[in-house]
Amino acid sequence: MCGIVGALGQRNVTGILLEGLRRLEYRGYDSAGVCLVNGDGKLQLRKTQGKVADLESALDENPTSGQLGIAHTRWATHGVPSDKNSHPHVSGDFALVHNGIIENYQELREELLAKGYEFQSETDTEVVVHLIHDLASEGRNLLESVSAATKRLHGAYALGVVSAKEPEHLVCARLGSPLVIGVGIEENFIASDPMALQQVTDRFIFLEEGDLADVTRDAIAIWDKTDEEVSRPVNKLQGGHDAADKGRYRHYMQKEIFEQPKVVEATMAGRIGEHSVLSQALGTAANEILPKVKQVQIVACGTSYHAGLVARYWIEDWAGVPCSVEVASEIRYRKTAVRPGTLFVTISQSGETADTLAALRQAKELGYLASMTICNVPNSSLVRESELHLMTEAGPEIGVASTKAFTTQLVALQIFCIALAKANGMDGDREAQLISALHQLPKLMEKFTGLDALVAATSEAFAEKNHALFLGRGVEYPIALEGALKLKEISYIHAEAYPAGELKHGPLALVDADMPVIVVAPNDELLEKLKSNLQEVRARGGELFVFASPEAGFRSEEGLTVVEVPDAAESLQPILYTVPLQLLSYHVALLKGTDVDQPRNLAKSVTVE
Ligand code: G6P
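For what it's worth, the UniProt record's numbering labels the leading residue of the sequence shown as 1, then goes sequentially.
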């Protein structure tokens, strides 16, 4: 959802800005731009439609340098991807980069047009830079102008602003979109995500909602939403240095699929003992809250929502606690009835998804028992604003299609569900059984990633298809949903998922030889029912691809391809069956030649509504 970087140093910062943009490209990649201030009182602007690599080529042809600069990689909201809609946007001596959406931009645009401002772009952002220019013409300096401008804005923003006349200042502000300040030695930086700056610093200040900051080389001054000067802590962050490196893999998504045995293990470490969940697993506050939980409301978006759907089966089965799961963009706009004792749980890889965050903020007014987040990014807004948090240890996920974040969310959710079940009287034997299964997971995960060649061969049947249907029953239904989402995200094949029992209520009408049907068929109590559903497909000439263990008793034959997977405990099956479906979409995308890591029209971190 657009990435921002800014730097004010003792050296030419162009390389730092470009490296920052490369690391932020997951946030949007339809255009990129940079503006340098090099002390001659002029703005040096370079921007282009396309990826950061295109901006680098533009800079090779027309180089520039400066000790102060701002840069941006865009995910279009208002106005098509084009050179003129790319940021930074300029008005006189001012240049600005923005992430978010300015909701009252039409009204501001008309006001500024009436004052004689000319607009170069179709973006909502351009009004902000003209507004700053207009406010400065009344005698305000850069900081005062940005401060006054933010008071007129409705919507969401992270802003980085420079002025050619004040090359000693980088001014930034945040409301509703993430922004951090990277603290250096006689140089300072800003970015949408600390990962953008990990090549230059490991010390970060996380701005709060409504903060405005004046960043100079050796000082950082911050004002909160009431204009009170405040001091925000400097956090030292470690790790993440290898995130921008694909290593021996061709794509980040591939690397991230193969990292899963390691990261699921990391997510369990320190949280489960040999036979039980450790008491500190969810933090001490959780030990008081969990026994009071009468109901769970899970809220998330995209892949994280699918993780929530899986967890519902576990929460109701193991803990006997009712659970609802809803996408954040829906729950935040409807009237909800909250039963006393309901725990509000958000699930998010990034911790910054705008709808999920808005739903959490709203939940705080609605009488929930407490809020908890399952999240992959420490210090993210969701972590900071939730009372309880359980971190997934997936490490940075760069591929836009989520893989290791999902399986680590499932592991964290299992730990939470076992802890909740324990607080609701689950017996020690059942707990020990579930925990000992979890200990098997990393090794089994390796066996499942080892299916790569087999799945690659199977993927050939999909490359020429335009549609695919995914089926599962019970807890595997959300896994089918996730499999379909992966396929559409990166191969652009239209894919839908259905609970297999629903086939005859509509989707069967679509089944013919051109519609491959992918089935998640573990050896569980619903297997026989699933087999009957598959007969319905075969009787209509549909081609079946069944992911099943040998124990499930499927044999490949005309119209039925069995992809044999290792046998595993039932509680692990949804986590493990995800892996061959990830591999399937990856290999289909390779065959189709799509952009695996940066599929069209999508962005990894959706920080706008
Ligand atoms: C985007 C990403 C998805 C992700 C969803 C929710 O759509 O492309 O991969 O599942 O946002 O993101 P979150 O960070 O909240 O898990």
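Think of the CB as a built atom: it goes at the ideal place given N, C-alpha and C, for glycine as much as any other residue.
Annotated as proximal: Y29 and T73, with beta-carbon spacing under 8 Å.
The residues M1, T77, G100, I101, A156, A354, in chain order, have a CB closer than 7 Å to that of V608 in the same chain once the five nearest residues on each side in sequence are set aside.
Taking the Cβ of G302 as the reference point, at least one heavy atom of the ligand G6P falls within a distance shorter than 7 Å. At least one heavy atom of the ligand G6P lies less than 7 Å from the C-beta of K604. The distance from the Cβ of T408 to that of V264 is about 6 Å, consistent with a contact at the 8 Å cut-off. As computed with DSSP, N533 is found in no beta bridge at all.
Closest in alpha carbon position to E397, among K246, Q106, I575, is K246. Of the heavy atoms belonging to the ligand G6P, at least one sits nearer than 7 Å to the Cβ of Q349. With a cut-off of 7 Å, the C-beta of S121 is classified as distant from the ligand G6P, since no heavy atom of the ligand falls inside that distance. Here V80 is exposed. Its C-beta has fewer than 16 other C-beta atoms within 10 Å.
For S57, the enclosing alpha helix (DSSP H) starts and ends at 52-61. Annotation: T373 to E25 spans about 26 Å, alpha carbon to alpha carbon. Membership of I16 in the alpha helix (DSSP H) is indicated by the continuous run 14-24.
A contact between stretches requires three or more CB pairs, one per stretch, nearer than 8 Å, and the segment 456-475 meets this requirement with the segment 581-596. Taking the C-beta atoms as reference points, I70 is found nearer than 8 Å to V162. For A461, the distance from the CB to the nearest heavy atom of the ligand G6P is not below 7 Å.
Using a cutoff of 7 Å, the CB of S402 counts as near the ligand G6P, since one of the ligand's heavy atoms is closer than that. In this model, K255 and L583 are separated by some 11 Å (Cα to Cα). If the five residues before and after K422 are omitted, its C-beta is found closer than 7 Å to the C-beta atoms of V277, E431, all from its own chain and listed in chain order. Cβ neighbours of G41 within its own chain (closer than 7 Å, five residues either side excluded): A164, K165.
N601 and A307 have their C-alpha atoms spaced approximately 23 Å apart.
Remark: the C-beta of T356 is in contact range of the ligand G6P, defined as less than 7 Å to any heavy atom. Secondary structure within the segment 246-280: the alpha helix (DSSP H) runs of 4 or more consecutive residues, fully enclosed, are 252-258, 260-268 (chain order). In the DSSP assignment, K604 falls outside any beta strand (DSSP E), carrying neither H nor E. Counting along the chain, F344 sits inside the beta strand (DSSP E) bounded by residues 342-348. C-alpha of G428 to C-alpha of C417: approximately 14 Å in a straight line. At least one heavy atom of the ligand G6P is found less than 7 Å from the C-beta of T353.
In this chain, A300 is not harboured by any alpha helix (DSSP H); it is covered by the beta strand (DSSP E) spanning 295-300. The criterion of a C-beta distance shorter than 8 Å is satisfied by V5 and A191.
The secondary-structure analysis by DSSP pairs L560 across a beta bridge with L544, E557.
For the pair A468 and P516, the CB atoms are nearer than the 8 Å cut-off.
Taking the Cβ atoms as the reference, G20 lies roughly 11 Å from V97, outside the contact range of under 8 Å. Beta-bridge partners assigned by DSSP to G176: Y157. In this chain, the alpha helix (DSSP H) harbouring Y477 covers 476-491. With respect to the 8 Å criterion, Q573 and P522 are classified as neighbours on the basis of their beta carbons.
Under the criterion of beta carbons closer than 8 Å, E385 and L360 qualify as touching, at roughly 6 Å.
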